[in-house]
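S.K.: Going by our numbering, the sequence shown opens with residue 10, and the numbers climb by one from there. Glycine residues also receive a C-beta, built at the ideal position from the N, C-alpha and C atoms. Just so we're clear, the structure is a prediction, and the values are computed from it rather than from any experiment. First, the structure itself, so that you have it in front of you.
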Amino acid sequence: MIPFNKPYYSGKEKKAIAKAMDTKILTGESEMLHQCESFLEKKYTFHRVFLTNSCTMALEMSALLATILPGDEVIMPSYTYVSTANAFALRGAKIVFVDSKADHPDMDENGIEQLITPQTKAIVVVHYAGVACDMDKIMSLALKHNLLVIEDAAQCIDSYYNKRALGTIGDIACFSFHETKNIHCGEGGFIAINTMNLAARTEVIRNKGTNRSAFTRGDVTKYEWTDLGYSSMPSAITAAFLYSQLENIDKVQKRRVKLWKNYYKKLKVLQGVHQIQLPVIPKYASNNAHIFYFVCSSAEERKSLIDYLKKNDIQAVFHYQSLHSSPFYKGKHDGRALHNADRYSECLIRLPLFYDMTTNEQELICAKVIEFYSNRNV
Ligand SMILES: *Cc1c(COP(=O)(O)O)cnc(C)c1O
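See the structure below:
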């Protein structure tokens with residue numbers, strides 16, 4: 010079976026973990042933790058980076074930082090992962106969903122302004138597959154209406170909008186190092202802070218609502234409960250594993266982009282003949298090759314294709330189920346139809362893409378997809 014994903018290993022993880030164990034300081038702001046944070050700040054020019062135990066946790070921290078209160082409204086796409094919305098629902102926010110674009114699962118920037126009310130506090134942007142939303146449009150809307158912008162950049166490591174790293178443009182950004190992402194540590198992530206006055210609070214929120222970090226630095230003489238918070242500081246073991254991956258990021262990205270482009274080149278023959286929609290990368294966006302997806306012409310077609318590939322020992326998968334139709338939120342949604350989000354829920358398929366994938370494996374996958382379509386009536 011060619012799996013959908015195989016977690017990447019740099020081969021340096023075990024040595025790095027052993028070194029972290031030798032320091033005998035596995036908790037708190039360890040040397041390895043700072044090493045990862047500085048690496049990310051320097052390479053991508055974030056104002057401040059705080060590693061967390063997941064992107065989900067980073068999103069929950071961002072909802073606290075945004076001081077979301079019951080009744081506040083938060084605008085975000087419906088076609089996203091549960092964590093994007095759950096983080097704000099936990100604080101009592103009303104989630105206002107925007108449809109996706111016809112040519113891309115990213116939220117339709119032109120559908121946002123009509124949803125803004127006096128209760129709106131924030132816009133949460135999700136860059137699907139690491140492909141940027143039109144951030145100039147979104148940032149100018151936010152400025153005009155005095156809203157915070159939070160980037161769910163879970164899939165966006167090493168991706169850019171007009172040469173600016175994703176996650177550096179909004180006030181706050183949340184990234185994931187879950188094992189399914191390009192670079193990972195099993196479970197992990199970080200919150201990036203670009204609005205200077207939020208950094209001090211982030212440090213407290215990550216450390217259980219205490220000023221323990223300041224105490225460790227010697228800035229205060231005792232540590233106390235000073236705010237709400239979470240326990241979201243990864244151990245030195247996790248950070249050591251992560252650093253041994255970050256060091257290889259350019260190598261990982263080069264391989265993934267090559268595999269992605271090869272998929273595109275091989276499958277282009279299907280576009281136009283069959284009603285499938287290949288991925289679109291807008292001029293302002295780079296491609297970090299997080300996902301290779303395409304959109305089938307119907308739910309039936311997608312199901313048949315997934316079954317066909319499975320019979321041929323290839324694991325292809327669908328993706329999000331629109332949150333406005335989810336069991337938890339459909340009764341709370343305002344009833345607007347979001348046709349594009351539903352279409353991506355029903356018709357989008359993702360093909361295997363991982364660092365260790367061989368050229369032969371990829372040839373086989375492409376051949377089987379093309380074979381599937383040539384057996385169907387046009
Ligand atoms: C992966 C992902 C998350 C969740 O990340 P975790 O690190 O697993 O919590 C959230 N949002 C999006 C868009 C994702 O792709």
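Let me check you understand the geometry: is the CB of residue 90 closer than 7 Å to at least one non-hydrogen atom of ligand 1?
M.R.: Locating residue 90 in the sequence shown gives position 81, where the first residue counts as 1. Yes, since a heavy atom of ligand 1 falls inside the 7 Å radius drawn around the Cβ of residue 90.
S.K.: What distance in whole Å lies between the Cβ atoms of residue 135 and residue 89, which are believed to be in contact at a cut-off of 8 Å?
M.R.: Locating residue 89 in the sequence shown gives position 80, counting from the first residue. Locating residue 135 in the sequence shown gives position 126, counting from the first residue. The pair is a contact, with the Cβ atoms about 5 Å apart (cut-off 8 Å).
S.K.: Mapping DSSP to helix, strand and coil, what is residue 173?
M.R.: Translated into the one-based positions of the sequence shown, residue 173 becomes position 164. Three-state DSSP puts residue 173 in a strand.
S.K.: Just to confirm my understanding: we take residue 68, look at its own chain, exclude 5 residues before and 5 after, and list those with CB closer than 6 Å. What are they?
M.R.: In the sequence shown, the residue the question calls residue 68 occupies position 59. The residues are 92, 96, 183.
S.K.: What residue range does the alpha helix (DSSP H) around residue 160 cover?
M.R.: As a first step, residue 160 is located in the sequence shown; it is residue number 151 there, counting from the start. Run containing residue 160: none in the alpha helix (DSSP H); it sits in the beta strand (DSSP E), 157-161.
S.K.: Look up residue 56 in the DSSP assignment and say whether it is helix, strand or coil.
M.R.: Taking the sequence shown and counting its residues from 1, the one referred to as residue 56 is at position 47. Of the three classes helix, strand and coil, the one that applies to residue 56 here is coil, per DSSP.
S.K.: Is the closest heavy atom of ligand 1 to the C-beta of residue 244 under 7 Å?
M.R.: In the sequence shown, the residue the question calls residue 244 occupies position 235. The answer is no for residue 244.
S.K.: Is the distance from the Cβ of residue 377 to the Cβ of residue 287 below 8 Å?
M.R.: What you label residue 377 is simply residue 368 of the sequence shown in a count that begins at 1. What you label residue 287 is simply residue 278 of the sequence shown in a count that begins at 1. Not in contact: residue 377 and residue 287 (Cβ atoms no closer than 8 Å).
S.K.: Skipping 5 residues on each side, what residues in its chain have a beta carbon closer than 7 Å to that of residue 6?
M.R.: Since the displayed the chain opens at 10 and closes at 387, residue 6 lies outside it and no answer follows.
S.K.: Do you know how far the Cα of residue 70 is from the Cα of residue 205?
M.R.: Position 196 of the sequence shown holds residue 205. Position 61 of the sequence shown holds residue 70. Spanning the two alpha carbons is a distance of roughly 16 Å.
S.K.: Going by DSSP in three states, residue 250 sits in which element: helix, strand or coil?
M.R.: Working through the sequence shown from its first residue, we reach residue 250 at position 241. Three-state result, residue 250: helix.
S.K.: Pair every Cβ in the stretch 263-282 with every Cβ in the stretch 210-220, then say whether three or more of these pairs are closer than 8 Å.
M.R.: Result no; under three Cβ-Cβ pairs closer than 8 Å.
S.K.: Where residue 322 and residue 280 are concerned, what is the direct C-alpha to C-alpha distance, given to the nearest angstrom?
M.R.: Residue mapping note: residue 322 aligns to position 313 of the sequence shown, counting from 1. Residue mapping note: residue 280 aligns to position 271 of the sequence shown, counting from 1. Each residue's alpha carbon lies about 24 Å from the other.
S.K.: Any idea what DSSP makes of residue 385, helix, strand or coil?
M.R.: Start at 1 with the first residue of the sequence shown, and residue 385 comes out as number 376. Residue 385 falls in the coil class under three-state DSSP.
S.K.: Tell me, to the nearest whole angstrom, how far the beta carbon of residue 353 is from that of residue 304; I am working on the premise that it is less than 8 Å.
M.R.: Along the sequence shown, one-based indexing puts residue 353 at 344. Along the sequence shown, one-based indexing puts residue 304 at 295. Correct: roughly 7 Å between the Cβ atoms.
S.K.: Can you name the residues that DSSP bridges to residue 357?
M.R.: For this step, residue 357 is matched to residue 348 along the sequence shown. Its beta-bridge partners are 304.
S.K.: According to the Cβ coordinates, are residue 45 and residue 255 closer than 8 Å?
M.R.: Here residue 45 refers to the residue found at position 36 of the sequence shown. Here residue 255 refers to the residue found at position 246 of the sequence shown. Cβ atoms of residue 45 and residue 255: closer than 8 Å.
S.K.: Give me the residue from 128, 115, 131 with the minimum Cα distance to residue 388.
M.R.: With the chain covering 10 to 387 only, the question about residue 388 has no answer from this structure.
S.K.: If you compare alpha carbons, which of 112, 247, 307 is closest to residue 291?
M.R.: Here residue 291 refers to the residue found at position 282 when the sequence shown is read from its first residue. That would be 112, whose Cα lies nearest to the Cα of residue 291.
S.K.: Could you tell me the alpha carbon to alpha carbon distance between residue 312 and residue 297, rounded to whole angstroms?
M.R.: If you number the sequence shown from 1, residue 312 lands on position 303. If you number the sequence shown from 1, residue 297 lands on position 288. Cα to Cα, the separation comes out at about 27 Å.
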